[in-house]
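In the working numbering, the protein residues as written are 124 to 175.
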């Protein structure tokens with residue numbers, strides 16, 4: 124029964140797929156800044172990708 128409750132909770136969690144969020148440099152911690160840098164690098168790789 125506990126597994127079913129956990130599954131129901133997870134199904135109700137919101138998702139942030141391709142959602143625009145505002146980034147505040149003044150409120151960002153080191154994890155936020157690392158994530159922003161990784162996202163920018165991923166965007167550069169995606170733009171440069173020409174397919175196989």
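Glycine is no exception: its CB is placed at the ideal position from the N, C-alpha and C atoms. None of the values given here were measured: they were computed from a predicted structure.
Query	Result
Where residue 164 falls: helix, strand or coil (DSSP)	helix
Through-space distance from residue 175 to residue 156, alpha-carbon basis	32 Å
Separation of residue 149 from residue 135, as counted between CA atoms	31 Å
C-alpha distance - residue 172 paired with residue 152, whole-angstrom precision	30 Å
Three-state secondary structure (DSSP) of residue 134	helix
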